[in-house]
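Single-structure report; data block below.
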Ligand code: GDP
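Residue numbers (this note's numbering): 979 to 1154.
Here it is in structure tokens:
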């Protein structure tokens, strides 16, 4: 019934080339398509079922940001939940993502706003420069969940990341 449906807006932040579009498109279409316009900003609608509850998601794939001043106030206001993405092969993107994490966590009015710190491209094992330990330590320090994904190789992992965010949204919603 209608009251069981939860509308939620998700925003992806991250440096250029970390896989924000790849993750979003993979999640929604199940497909991995090689290259995308990096500047493209788009909002995708997606209905999913998590633990028997329906979520009507609006997913905003932002263009890209290199510093927190690139984050727009209306993006922060619009979002119910955040995926802060970096590439496990790119330390620069990790440094940027840490800045975003700090920024998002300090700006949100409600400390329980769902945020997942997401290391993408875990399939590129030989090019990995960020360890799971290092990244999860950063997430822990902000009381955030840390997950690793591969948009290219592991569809289930991508679905899991969005489902975990929905679970967090559900918890927050219950407390309101
Ligand atoms: P965005 O700028 O953050 O939106 O990044 P894109 O989604 O455009 O991805 C940048 C590049 O990384 C593209 O060439 C993608 O094909 C590639 N890419 C994205 N995710 C993965 C992944 O999980 N593994 C690998 N090997 N490549 C990926």
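Virtual Cβ for every residue (Gly too), placed ideally from N, Cα, C.
Practice prompt. Just grab the DSSP bridge partners of residue 967 for me.
Written response: Outside the displayed span of the chain (979 to 1154) sits residue 967, for which this structure offers no information.
Worksheet item: residue 1037 and residue 1021: beta carbons closer than 8 angstroms?
Response: Taking the first residue of the chain shown as 1, we reach residue 1037 at position 59. Taking the first residue of the chain shown as 1, we reach residue 1021 at position 43. Yes, the Cβ-Cβ distance between residue 1037 and residue 1021 is below 8 angstroms.
Item to complete: Give the single residue among 1117, 1014, 989 and 1106 whose Cα lies nearest to the Cα of residue 999.
Response: Within the chain shown, residue 999 is the residue found at index 21, counting from 1. Selected option, being the one with the closest Cα: 1014.
Worksheet item: Using DSSP with H/G/I as helix, E/B as strand and the rest coil, what is residue 1144?
Response: The count along the chain shown starts at 1 and reaches residue 1144 at position 166. Three-state DSSP puts residue 1144 in a helix.
Item to complete: Within its chain, find whatever has a CB closer than 8 angstroms to the CB of residue 1132; leave out the 5 residues flanking it on each side and keep chain order.
Response: To locate residue 1132, count along the chain shown from 1; it is residue 154. So the list reads 1100 and 1101, once near-sequence residues are dropped.
Fill in: Presumed contact (8 angstroms Cβ cut-off) between residue 982 and residue 1031, rounded CB distance
As a first step, residue 982 must be located in the chain shown, where it is residue number 4. As a first step, residue 1031 must be located in the chain shown, where it is residue number 53. Confirmed, about 6 angstroms.
Practice prompt. Buried or exposed for residue 1125, please, with buried defined as at least 16 other CB atoms from any protein chain shown within 10 angstroms of its CB.
Written response: Here residue 1125 refers to the residue found at position 147 of the chain shown. It counts as buried.
Worksheet item: Leaving out five residues before and five after residue 1083 in sequence, what residues of the same chain have Cβ atoms less than 6 angstroms from its Cβ?
Response: Sequence index remark: in the chain shown, residue 1083 carries index 105 (1-based). Cβ neighbours of residue 1083 beyond the five flanking positions: 1120.
Practice prompt. List the whole-angstrom C-beta distance separating residue 988 from residue 1143, where the pair is believed to meet the contact cut-off of C-beta under 8 angstroms.
Written response: Here residue 988 refers to the residue found at position 10 when the chain shown is read from its first residue. Here residue 1143 refers to the residue found at position 165 when the chain shown is read from its first residue. Confirmed, about 6 angstroms.
Discussion item. Taking the straight line between their C-alpha atoms, what separation do you get for residue 1092 and residue 1060?
Written reply: On the chain shown, residue 1092 is found 114 positions in, with the first residue counted as 1. On the chain shown, residue 1060 is found 82 positions in, with the first residue counted as 1. Rounded to whole angstroms, residue 1092 to residue 1060 spans 6 angstroms at the Cα level.
Worksheet item: Does the ligand GDP have a heavy atom nearer than 7 angstroms to the CB of residue 1149?
Response: Residue numbering aside, residue 1149 sits at position 171 when the chain shown is read from its first letter. No, the ligand GDP has no heavy atom inside 7 angstroms of this Cβ.
Fill in: Euclidean distance between Cα positions of residue 1051 and residue 1035
Your numbering for residue 1051 matches position 73 in the chain shown. Your numbering for residue 1035 matches position 57 in the chain shown. Going from the Cα of residue 1051 to the Cα of residue 1035 covers about 20 angstroms.
Practice prompt. Please state whether DSSP places residue 996 in a helix, a strand or coil.
Written response: As a working mapping, residue 996 is identified with position 18 in the chain shown. In the structure shown, residue 996 sits in coil (DSSP, three-state: anything other than H, G, I, E or B).
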